[in-house]
Amino acid sequence: MFFEEAVSSGPQFFNLAPWIVFFPVIGLLFNMFFGGRILERSRAGEKIVGGIASLAAGLSFLVSVLLAISLNGHPEGMVVPLADWINIGDLNIRWAFQVDTLSVTMMLVVSGVGTLIHIYAIGYMHEDVRHNGDPSRFRRFFVFMNLFIAAMMILVSGDNYMMLFVGWEGVGLCSYLLIGFWYEKGKDGIGNALAAKKAMVTNRIGDFGFLLAAFTIFWTFGTFEFHTIFEKAPEIAATNPGALLFITICLLIGVTGKSAQLPLYVWLPDAMAGPTPVSALIHAATMVTAGVYLVARSAEIYVLVPTAQFWVTLVGSVTALFAATIAVGQFDIKKVLAYSTISQLGFMVAAVGMGAFVAGMFHLVTHAFFKALLFLSSGSVIQGMERGHHHVEHDPKLKKQLKGHAHDFDPQDMRNMGGLRERMKTTYWVYLIGAIALAGIPPLAGFWSKDEILADASKEFSWAYILLTLAAIFTAFYMTRQILMVFFGKARTLAAEHAEESPLIVTAPLMILAVLSFFGGLINLPFDGFHQFAHWLEHTLGEYAHAGEFILPVALLSTALALISVALGWWLYNARRYEEFWAIPAARRPDDPLRAYIGPIYEALKNKYWVDELYWAVFLNPYIDLSRFLADVIDWRFWHDWFHDKVIMGGYNLLTRLLAIRIDLGGIDAAANGLAVLTQRIADRLRQVQTGYVRNYALSIFVGVVIILGYLLLR
Amino acid sequence: MTPIQYYTALSAILFTIGALGVLTRRNAIIVFMSVELMLNSANLAFVAFARSFQSISGQVFVFFVMAVAAAEVAVGLALIVAIFRTKHNINIDQINSLRG
Numbered sequence: 008m009f010f011e012e013a014v015s016s017g018p019q020f021f022n023l024a025p026w027i028v029f030f031p032v033i034g035l036l037f038n039m040f041f042g043g044r045i046l047e048r049s050r051a052g053e054k055i056v057g058g059i060a061s062l063a064a065g066l067s068f069l070v071s072v073l074l075a076i077s078l079n080g081h082p083e084g085m086v087v088p089l090a091d092w093i094n095i096g097d098l099n100i101r102w103a104f105q106v107d108t109l110s111v112t113m114m115l116v117v118s119g120v121g122t123l124i125h126i127y128a129i130g131y132m133h134e135d136v137r138h139n140g141d142p143s144r145f146r147r148f149f150v151f152m153n154l155f156i157a158a159m160m161i162l163v164s165g166d167n168y169m170m171l172f173v174g175w176e177g178v179g180l181c182s183y184l185l186i187g188f189w190y191e192k193g194k195d196g197i198g199n200a201l202a203a204k205k206a207m208v209t210n211r212i213g214d215f216g217f218l219l220a221a222f223t224i225f226w227t228f229g230t231f232e233f234h235t236i237f238e239k240a241p242e243i244a245a246t247n248p249g250a251l252l253f254i255t256i257c258l259l260i261g262v263t264g265k266s267a268q269l270p271l272y273v274w275l276p277d278a279m280a281g282p283t284p285v286s287a288l289i290h291a292a293t294m295v296t297a298g299v300y301l302v303a304r305s306a307e308i309y310v311l312v313p314t315a316q317f318w319v320t321l322v323g324s325v326t327a328l329f330a331a332t333i334a335v336g337q338f339d340i341k342k343v344l345a346y347s348t349i350s351q352l353g354f355m356v357a358a359v360g361m362g363a364f365v366a367g368m369f370h371l372v373t374h375a376f377f378k379a380l381l382f383l384s385s386g387s388v389i390q391g392m393e394r395g396h397h398h399v400e401h402d403p404k405l406k407k408q409l410k411g412h413a414h415d416f417d418p419q420d421m422r423n424m425g426g427l428r429e430r431m432k433t434t435y436w437v438y439l440i441g442a443i444a445l446a447g448i449p450p451l452a453g454f455w456s457k458d459e460i461l462a463d464a465s466k467e468f469s470w471a472y473i474l475l476t477l478a479a480i481f482t483a484f485y486m487t488r489q490i491l492m493v494f495f496g497k498a499r500t501l502a503a504e505h506a507e508e509s510p511l512i513v514t515a516p517l518m519i520l521a522v523l524s525f526f527g528g529l530i531n532l533p534f535d536g537f538h539q540f541a542h543w544l545e546h547t548l549g550e551y552a553h554a555g556e557f558i559l560p561v562a563l564l565s566t567a568l569a570l571i572s573v574a575l576g577w578w579l580y581n582a583r584r585y586e587e588f589w590a591i592p593a594a595r596r597p598d599d600p601l602r603a604y605i606g607p608i609y610e611a612l613k614n615k616y617w618v619d620e621l622y623w624a625v626f627l628n629p630y631i632d633l634s635r636f637l638a639d640v641i642d643w644r645f646w647h648d649w650f651h652d653k654v655i656m657g658g659y660n661l662l663t664r665l666l667a668i669r670i671d672l673g674g675i676d677a678a679a680n681g682l683a684v685l686t687q688r689i690a691d692r693l694r695q696v697q698t699g700y701v702r703n704y705a706l707s708i709f710v711g712v713v714i715i716l717g718y719l720l721l722r
Numbered sequence: 003m004t005p006i007q008y009y010t011a012l013s014a015i016l017f018t019i020g021a022l023g024v025l026t027r028r029n030a031i032i033v034f035m036s037v038e039l040m041l042n043s044a045n046l047a048f049v050a051f052a053r054s055f056q057s058i059s060g061q062v063f064v065f066f067v068m069a070v071a072a073a074e075v076a077v078g079l080a081l082i083v084a085i086f087r088t089k090h091n092i093n094i095d096q097i098n099s100l101r102g
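Chains as they are written, first to last, in my numbering: chain A, 8 to 722; chain B, 3 to 102.
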C-alpha cells in the first residue's frame, strides 16, 4: 500500500493480524465440538476446556504483542486485507485488518485483560456452575467468551465501518448470551432473561443510530473505509456540514447504547445478572469501551463538528456525575461497580468528546485494568460469601443460629458482609488497590488517566471540568463506602464470618491486574519524556493526539477532594460507627447511615432517580398499551374476529353457499337432471309406439311408404 | 303384345292383396304367404318393364328378389317353428315380447 518507502526497521508481523480473530474462533469451535466429551470423560475436563479457551485468548494476545512490536519499527501501521466481502456496484466492502497504534492498543487490552479473565473464569465458573446446579454449562460459557473475544477483535481491527459494525453486533450478541447465561434464574425465574432482553433492546436503539450514521457515511463519502473517509472529511465539512453533523450525532446515539451513557445506560446495571467474569470482561473492561473507541477512531470527523463534540462531552460528563451519585445509594456489590463503570465511561466519552483522545484512550486502558480487577475481586468476594454460606448450612451447630431465611440469603448484598479483610486477605488487598486506583489517588493508574482528562477539561470546557470533578468526589466516596462495608468491621452474617478465600487460579489473575492497576499509569505520565502513550497514538491520530500536560492545581485539587471524600466516607462508614449503626434493632434502623443526613435525596439515589420507573411510565407502558391495543383491538378483534372471521370467512361462506346451492345445485345440476328427466319422459312416450305387435309395425311401414310415395308423386 | 298397363294393373292388384293380407291376417304363415305375394307382384312389374324396355336389368333383379325371398322364407319359417315350439301358437297378435 502506501508505506513501501517507509524505512524498514525492526521485525514485521503485520500479516499475522487475522489470527487475532482466528485463534479465538478455533478455540470456540474446538470447545463446541469436543468440549462436551472432554467434560464428561476427563476428571480434569474443566481445566482442559477452560485452558483451551484461555490459550486461544492468550495466543490472540501474543499476536497483538507481535503486532505492537511490528508497530515499533513501522509506526504508520498497515492494512492487512483478508477477503472481499460485498461487491455491489459502488459498494465495495472487504475484510481487512487495520493495524495501527489505536487498534493495537485496543487489541492488547481486549486480549490481555481477556486472557486473565479467562484464566480467572476457570476457577470462578468451576464453583458457579455447581452453585447454580448445571456443570454442563461450563463449556458453553467458554464458547461464548471466545466468541466475544473474536467479535471484539473484529470490532477494533476492522478497517471500515461495516466490519466495525459486524464486531459491534457480535459483542452485543455475546453480551446478550452471557447476561442471560443463567436464563432460568433471577427474579421470578425470568429476571436474568429479562435483563438480557433489556440489554439487547436498549442496544438495538443505539445500533439504529449507528446504522443511520453508516448509511449517511456511504451516501456522503461513497465508501466505508476509514482512511478514505478521513481524507475526504475536511472537503465534506466545507461543502456539506449538515451530513457530518448528522453522522456524528447518530454515532453518538450508537455510543450511548453500547457504552451505557445517558439516556441508554439503563441496561448496564441489569447486565450484572451475568456471571461476574462476564461483568468484568464485557460490561467493564472491553465491550462497553467500544463506544469510546468508535469516537476516537472517528476523531478526524468529530474534530470537524464542534456541535457534535459539545454533545459528546455533555453526554459523557453528565453521565459521569449522574451514575457516580447513584452508585452511592446501592447495596449490591456489583451494582455499585456497575454504576461506577457507567460513570467512568462517562469520563472517557467526555474526554474523547472534548478532543482529548489520548486522555480518553489512556483512561480506557487503566480503567480496563482496575475495573476488571474490581469486578473479578467482587466475584471472589461473592464466592467467598457463598462458600461461607455453604459452610454454615452444612454445619448443624451453626445452622441452628440461622434464622429461617437461609434461602433468600443474598451473597452480593454488602450489608451481609463486613470483616472480610481477615477472611480473604488477598482479595482484600487487590480490591483495595483497585479501589484506590478508581478513586484517583496518586500514584495509582487511575489518578494519572483521570487527571489527564480533568486537566484537558479545565482548559476549555470548564463546565465539563466541574461535572467531572464532582463525579470524581462521588467516586472516591462510594469506593470508600464499599471497601468499609465489605472488608472492615465485624462480620454481620454467619456467612461472612465463615467466608473463605478463593483458590489461586482466581487470585493469581487478580494479583496481575493489581500490579497493572498500580503501575498502569506509567505508560503516559504527564511529564516531558514520559508521554509514551501519546506518542504511540500520535502515529494514528496525528495532530489530534496531544500529550497531556500536568496542571498542578488541577492535580492537587482533585487529589485533595478525593482524600476529603475518602475521609468523609471513613467518618460515615468506619467500623466503630457502622457497628453502632448495625446494633440498632432492624425495625428502627434505616438502610444506610447516610440517610440520616440527606434523607429524601438518599431515597432518590437508592432508587436510581426512578429512571427505570420513568422509562416504564413514558416509553414502556405506553408501548405495551399500544402493543396490547394493536394485538387485542386491531389484530384480534378487528383483523381476526371482524375482518378475517366475518368479512373473509363469512363472505367466503356466503359465496360458497351461493355457488353450491344456487349455481351448482340450482343451475348446473338442475340442467343435467332436467335433461335426464326430459329424456326419460320422451322415452316413455316413444315406448308406447313400440307395441311389439308385428301388424302395427307393418301398418306404420305401409302408411309411411304411402306418405313418402304420395309426397314424391304429388310434389 | 299385351300392353304394359295390364301387367302393372295385375301387379298392383296382387300387391294390394298381399298388403291387405299382411295387415289383416293373424296367422303368421298366411302373413308370410302375403309377403311372398307382394314380392312376386314386384317381380311381375320388374319382368313386365324389362320386356317393355328391352332391358336385362329388370330380369336380373328378379333373380335377386327370388334369392332374397328364399332366404327370408328359410329364416322366417325357422323362426315360426321356434315360436310355435315355445308358445304352441303362431297367432301374431298374441306375440308381443318385444314391446317397448
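Yeah, the Cβ is synthetic: ideal placement off N, Cα and C, and Gly gets one too.
In the three-state DSSP reduction, A/R635 falls in the helix class (H, G or I). Within the region 685-712 of chain A, the residues whose Cβ lies closer than 8 Å to any Cβ of chain B are, in chain order, L693, R694, Q695, V696, Q697, T698, G699, Y700, V701, R702, A705, L706, F709.
Within a 10 Å sphere around the beta-carbon of A/V654 sit fewer than 16 other beta-carbons, which makes this residue exposed. For A/P276, the CB contacts under 7 Å within the same chain, skipping 5 residues up- and downstream, are K342, A345, Y346 in chain order. Distance from A/D166 to A/F233 at the Cβ level is roughly 6 Å; contact confirmed, criterion being Cβ atoms closer than 8 Å. With respect to A/V295, A/K265 sits close: the two C-beta atoms are nearer than 8 Å.
When only Cα atoms are considered, A/F237 and A/S305 end up about 8 Å apart. Three or more Cβ pairs closer than 8 Å define a contact, and the region 468-481 of chain A meets that threshold against the region 562-578 of chain A. Listed in chain order, the alpha helix (DSSP H) runs fully inside the region 243-313 of chain A are 248-265, 274-277, 283-287, 297-304, 306-309, counting runs of at least 4 residues.
Among the residues facing chain A, B/A69 is not included, as its CB has no counterpart in that chain under 8 Å away.
Taking a C-beta distance under 8 Å as the contact criterion, A/M492 and A/A446 do not qualify as a contact pair. Rounded to the nearest whole angstrom, the C-alpha separation of A/I591 and A/R584 is 11 Å. The contact set of B/A21 on chain A, defined by CB atoms closer than 9 Å, consists of A705, F709 in chain order.
Counting C-beta pairs with one atom in each stretch, the region 432-450 of chain A and the region 543-552 of chain A have fewer than three that are closer than 8 Å, which means they do not touch. Under the Cβ distance rule, B/G102 counts among the residues neighbouring chain A, one pair being separated by less than 8 Å.
Boundaries around A/I100 are those of the beta strand (DSSP E), 98-106, since no alpha helix (DSSP H) includes it. A contact is defined here as three or more CB-CB pairs under 8 Å, and the region 421-431 of chain A fails this definition with respect to the region 400-407 of chain A. DSSP lists A/Q105 as the beta-bridge partner residues of A/V86. Within the region 415-481 of chain A, complete beta strand (DSSP E) segments of at least 3 residues are not found at all.
For B/S99, the chain A residues whose Cβ falls inside 9 Å of its Cβ are G699, in order along the chain. Under the 10 Å beta carbon count, A/F626 is surrounded by fewer than 16 other beta carbons and is classified as exposed. Distance from the CA atom of A/M392 to the CA atom of A/L405, rounded to whole angstroms, is 15 Å. Under DSSP, the beta-bridge partners assigned to A/G165 are A/F104. Nearest to A/W274 by C-alpha distance, out of A/L259, A/A291, A/L258, A/V299, is A/A291. DSSP, read as helix, strand or coil, puts A/I93 in strand. Classified as exposed, B/H90 has fewer than 16 neighbouring CB atoms from the shown chains inside 10 Å of its CB. Within chain A, not a single residue places a beta-carbon under 8 Å from that of B/L41; the smallest gap is close to 14 Å. Between B/V83 and chain A, the shortest Cβ-Cβ separation is not below 8 Å.
Distances from the CA of A/W589 to each of A/Q268, A/I161, A/L321, A/M421 were compared; the closest alpha carbon is that of A/M421. Contact annotation: A/T514 and A/T434 have beta-carbon atoms nearer than 8 Å. If you look at A/V654, you'll find it isn't in any alpha helix (DSSP H); DSSP assigns it neither H nor E.
Residue burial annotation: A/S384 is buried, with at least 16 other C-beta atoms found within 10 angstroms of its C-beta. Under the Cβ distance rule, B/V77 does not count among the residues neighbouring chain A, no pair being separated by less than 8 Å. As the crow flies, the alpha-carbon of A/I197 is around 55 Å from that of A/D535. Contact between A/A278 and A/A202 holds, with the beta-carbon distance rounding to 6 Å and staying under 8 Å. About 24 Å separates the Cβ atoms of A/S67 and A/I100, ruling out a contact at the 8 Å cut-off.
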